[in-house]
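First to last, the sequence lines map onto chains A and B.
In terms of the working numbering, the first sequence has 303 at position 303, counting the first letter as 1, and numbering is strictly consecutive.
In terms of the working numbering, the second sequence has 420 at position 90, counting the first letter as 1, and numbering is strictly consecutive.
C-beta: ideal position from N, C-alpha, C; glycine also.
Note that this is a predicted model, so its numbers are computed, not measured.
Data first, discussion second: the structure below is written as structure tokens.
There are 2 protein chains.
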Amino acid sequence: MLRLITLLVAMTFSTIASAEPLASWADGPTKTAITAFVTAVTTENSPNFVPPPERIAVFDNDGTLWVEQPMYTQLAFIIDRVKALAPEHPEWKDEQPFKAVLAGDLEALQASGMDGVTKLLAATHANMTTEEFERIAGDWIASARHPRFERLYTQVVYQPMLELLDYLRANGFKTFIVSGGGSDFMRPWTERVYGIPPEQVVGSQIAMRYEVQNGTPVLMRKPEIAFIDDKAGKPVGIQRHIGRRPILAFGNSDGDYQMLDWTTAGAGKRLGLILHHDDSEREYAYDRESHVGRLDKGLDDAASKGWILVSMKRDWSQVFPAIGTTGAQP
Amino acid sequence: MLRLITLLVAMTFSTIASAEPLASWADGPTKTAITAFVTAVTTENSPNFVPPPERIAVFDNDGTLWVEQPMYTQLAFIIDRVKALAPEHPEWKDEQPFKAVLAGDLEALQASGMDGVTKLLAATHANMTTEEFERIAGDWIASARHPRFERLYTQVVYQPMLELLDYLRANGFKTFIVSGGGSDFMRPWTERVYGIPPEQVVGSQIAMRYEVQNGTPVLMRKPEIAFIDDKAGKPVGIQRHIGRRPILAFGNSDGDYQMLDWTTAGAGKRLGLILHHDDSEREYAYDRESHVGRLDKGLDDAASKGWILVSMKRDWSQVFPAIGTTGAQP
């Protein structure tokens with residue numbers, strides 16, 4: 001009986017704790033703008049009211065929901081896969097872009113261009129079934145660690161963003177990822193980590209071919225890019241997949257510019273947000289000059305477009321979740 | 331006060347009425363198979379239990395959720411659009427496939443082949459923004475009528491299927507359309523008619539281009555087919571859009587064969603259903619020889635694949651909704 005009471009008390013406290021929305025957002029104009037927007041669109045009989053089915057919120061992933069420095073996580077995955085597969089491919093020692101990957105020569109890798117990307121995709125993302133790729137990507141994400149923070153990649157997601165996703169969903173929003181990363185690279189873990197199911201992940205995609213192998217249908221991943229969900233591709237991806245215009249968009253780089261513009265140009269109340277990485281101590285500080293997640297035009301235009309620049313340093317009281325909490329489970 | 335009581339009583343009765351699931355399905359093995367499947371996958375601690383997020387159900391549209399005879403509704407839309415636009419295009423009188431459409435010559439239209447389809451799409455589905463197309467398609471569907479039943483097309487949807495969609499959703503399923511028809515042709519009305527929101531509509535798609543016109547971002551529809559969601563394209567569309575394999579698929583033609591095969595080949599309990607149009611009195615009777623919605627291989631293989639052949643004549647006590655009821659509102 002005492003155990004039961006203890007459990008009930010613990011549950012009550014945990015409910016209270018999680019009922020405090022946006023706990024890791026510092027009090028100030030950013031947090032106020034977010035809550036004011038949500039209040040406005042969810043208040044019935046208000047001129048800004050938006051019915052729940054139209055409460056679509058879209059989030060970039062790399063640099064918005066999780067760390068994208070020192071390199072996109074999907075590139076870290078590619079490098080690890082090339083290393084793992086290298087023993088079966090002795091020819092890679094002398095063949096670009098594999099040689100560059102194996103030598104850790106990122107400059108030579110970059111020099112290999114689109115041809116290099118296609119070869120890497122073919123070797124690491126294609127010529128296998130969708131289920132094989134899902135298993136490989138899922139296994140990797142369960143064990144690979146971020147080089148600086150020495151945490152699983154699913155533990156270098158941003159605590160304030162997890163809270164924002166929860167807060168929006170609690171207010172009747174449907175949350176989507178709209179990322180330049182590969183849909184099928186994200187889908188094995190987005191539900192567990194972000195509470196975003198596979199069908200709400202819009203990303204870049206490679207071509208697939210349906211085949212029946214010995215009576216068993218499979219989807220083979222082809223070494224061809226079918227869709228790039230970045231820059232002007234993001235509004236296209238949103239229309240193809242979601243079929244209506246979001247009312248809230250959150251990004252962090254110029255790759256998100258068109259998604260923000262498309263979202264906030266719609267009629268009625270809209271919210272556009274850009275995460276500004278200005279915290280080298282707790283995470284990274286980069287914008288106009290960065291090769292990864294460059295933010296230049298967005299920084300120039302945010303004020304005139306009415307987009308909110310979120311300062312990681314000023315607006316977030318905590319960056320990463322405590323290990324072992326929801327969302328950061330391996 | 332009496333008014334209030336009357337209202338409450340009315341609400342109670344309407345709740346009871348709508349609580350009777352699958353009311354238009356005749357008692358018999360088909361209805362039993364559906365309810366047994368749903369019970370099996372929703373019973374916790376049963377070996378067949380499927381957690382709610384994985385309860386994905388996919389439905390073909392033409393001939394499965396609504397009438398597809400004597401021609402696909404989207405073709406009726408194209409013909410009406412060509413007629414409406416003809417005064418601005420005097421040259422169409424002598425130019426195929428427009429000449430065939432204006433003369434009602436379906437044979438000549440068919441003879442114009444893929445080149446004809448592309449020209450018709452360009453004239454009726456493209457070279458406009460997504461919002462313009464949505465308005466045109468939405469206006470048309472609000473007024474065009476089926477030639478035989480003289481009802482709006484949204485009123486020649488199948489009442490038993492509306493009930494099945496409701497029943498599945500009440501049991502934690504997420505319902506998707508996976509159709510060869512155009513996503514953007516269906517999305518303006520699927521939520522109102524089927525309770526399926528735009529983001530759960532997977533269909534064929536034309537290419538789009540993001541543009542900023544005088545400072546306003548738009549998505550221009552290009553006269554190019556980007557994706558055909560039919561036959562072997564259906565499992566591809568499911569993977570691209572939903573990212574996991576459904577546990578229930580419902581179709582009516584050989585265009586749904588691969589979707590059914592992909593769905594039911596997955597591990598665990600699965601359900602595949604094919605609507606057999608065998609009711610010329612209340613609707614239409616067609617299968618192996620039909621140009622529209624041909625069902626041939628599916629008819630041969632249903633038994634060996636374990637797919638249920640739903641007989642419209644035997645299994646449905648009612649075909650269309652009463653005018654004015656939910657789902658059939660114009």
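ask   = Quick one: what's got a C-beta closer than 6 Å to A/PRO21's C-beta in the same chain, skipping five residues either side?
value = Within the same chain, and ignoring the five residues on either side of A/PRO21 in sequence, the residues whose Cβ sits closer than 6 Å to its Cβ are TYR167.
request  = With distances taken Cα to Cα, identify the nearest neighbour of B/ASP514 among B/LEU482, B/MET458, B/GLY563.
outcome  = With distances taken between CA atoms, B/ASP514 lies nearest to B/MET458 out of B/LEU482, B/MET458, B/GLY563.
request  = Run the CB neighbour count on B/ASP445, radius 10 Å, all protein chains shown included, and call it buried at 16 or more, exposed below.
outcome  = It counts as exposed.
inquiry  = Taking 8 Å as the limit between beta carbons, can you name the residues of its chain near A/LYS269, skipping five residues before and five after?
reply    = PHE37, ALA40, VAL41, ASN48, VAL50, ILE247
query = By how many angstroms is the C-alpha of B/LYS561 removed from the C-alpha of B/LEU625?
reply = B/LEU625 and B/LYS561 have their alpha carbons spaced roughly 12 Å apart.
ask   = Of all the options A/GLU281, A/ARG282, A/PRO217, A/HIS276, which has the alpha carbon lying nearest to the alpha carbon of A/SER290?
value = A/HIS276
request  = Note down, in chain order, each residue of its chain lying with its Cβ closer than 7 Å to the Cβ of A/ALA399, except the 5 sequence neighbours on either side.
outcome  = Since the displayed chain A opens at 1 and closes at 330, residue 399 of chain A lies outside it and no answer follows.
inquiry  = Just to make sure I have the definition right: I need the residues of chain B whose C-beta is within less than 7 Å of the C-beta of A/VAL58. Which are they?
reply    = Within 7 Å Cβ-Cβ: nothing; A/VAL58 doesn't reach chain B, min ~11 Å.
ask   = Between A/PRO188, A/GLU211, A/TYR210, A/ALA207, which lies nearest to A/VAL201 when the distance is taken from Cα to Cα?
value = Ranking A/PRO188, A/GLU211, A/TYR210, A/ALA207 by Cα distance to A/VAL201 puts A/PRO188 first.
inquiry  = Rounding to the nearest angstrom, what Cα-Cα distance links A/TYR158 and A/ASP254 in this structure?
reply    = 20 Å
inquiry  = Which same chain residues end up closer than 6 Å to A/TRP262 when comparing Cβ atoms and leaving out the 5 residues on each side of it in sequence?
reply    = For A/TRP262, same chain residues with a beta-carbon under 6 Å away, outside a window of 5 residues either side, are PRO235 in chain order.
key: Span separating the alpha-carbon of A/LEU109 from that of B/ALA537   = 32 Å
Chain B residues whose Cβ lies nearer than 7 Å to that of A/ALA265 = THR546, PRO547
task = Report all residues from its chain with a CB closer than 6 Å to the CB of A/GLY327; omit the five preceding and five following residues, and keep chain order.
result = In this prediction, A/GLY327 scores a pLDDT of 48, lower than 50, which makes its location untrustworthy; the coordinate-derived value is nonetheless stated afterwards. LEU162, VAL193, PRO321.
task = Report the option in B/GLN588, B/SER354, B/ARG499 whose CA atom is closest to the CA atom of A/THR216.
result = B/GLN588
query = What are the uninterrupted segments assigned as alpha helix (DSSP H) that are 4 or more residues long and contained completely in the region 172-235 of chain A, given in chain order?
reply = 183-194
ask   = Who are the Cβ neighbours of B/ALA363 in its own chain at under 6 Å, not counting the five residues just before and after it?
value = ILE638
query = Can you tell which of A/ILE78, A/ASP278, A/TRP66 has the C-alpha that lies nearest to the C-alpha of A/TRP140?
reply = A/ILE78
Short Cβ contact (7 Å threshold) for A/PRO97 with A/LEU75 = No, Cβ-Cβ distance for A/PRO97 and A/LEU75 is not below 7 Å.
query = Per DSSP, what kind of secondary structure is A/TRP307 in: helix, strand or coil?
reply = coil
ask   = What are the residues of the region 445-466 of chain B that lie near chain A, defined by any Cβ-Cβ distance shorter than 7 Å?
value = THR460
message = Nearest by alpha-carbon distance to A/GLY251: which of A/VAL67, A/GLU54, A/GLU131, A/ARG55 is it?
response = A/VAL67
ask   = From the beta carbon of B/PHE650, is the nearest beta carbon of chain A less than 7 Å away?
value = So no, B/PHE650 is outside the interface.
ask   = Would a C-beta distance cut-off of 7 Å place A/ASN61 and A/SER143 closer than the cut-off?
value = no
For B/PHE650, three-class secondary structure by DSSP = coil
ask   = Does the beta carbon of A/ILE206 sit closer than 7 Å to a beta carbon anywhere in chain B?
value = Not a single CB atom of chain B sits nearer than 7 Å to the CB of A/ILE206.
ask   = Roughly how many angstroms separate the alpha carbons of A/GLU54 and A/HIS89, rounded to a whole number?
value = 50 Å
query = In chain B, what lies closer than 9 Å to A/TYR194 by C-beta?
reply = What A/TYR194 touches in chain B: nothing, since even the nearest Cβ is about 13 Å away.
message = Please tell me whether B/ALA562 has its Cβ less than 7 Å away from any Cβ of chain A.
response = True, the Cβ-Cβ gap to chain A drops below 7 Å.
ask   = Mind checking if B/GLY585 is an interface residue toward chain A, Cβ cutoff 7 Å exclusive?
value = no
task = Go through the region 446-476 of chain B residue by residue and report every complete run of the alpha helix (DSSP H) that reaches 4 residues or more, in order.
result = If one requires a minimum length of 4 residues, the alpha helix (DSSP H) runs lying completely within the region 446-476 of chain B are 460-471, in chain order.
Short Cβ contact (7 Å threshold) for A/ARG332 with B/GLN399 = Nothing in the structure corresponds to residue 332 of chain A, since chain A is present only between 1 and 330.
key: Anticipated Cβ contact below 8 Å, A/ASP279 with A/LYS31, distance rounded   = That pair is no contact at about 17 Å.
inquiry  = Out of B/THR394, B/TYR540, B/TYR614, which one is the CA nearest neighbour of B/ILE604?
reply    = B/THR394
request  = Find the nearest neighbour of A/ARG148 within the set A/ARG282, A/ILE323, A/VAL117, judged by alpha-carbon distance.
outcome  = A/ARG282
inquiry  = Between B/TRP470 and chain A, is any beta-carbon pair separated by less than 7 Å?
reply    = no
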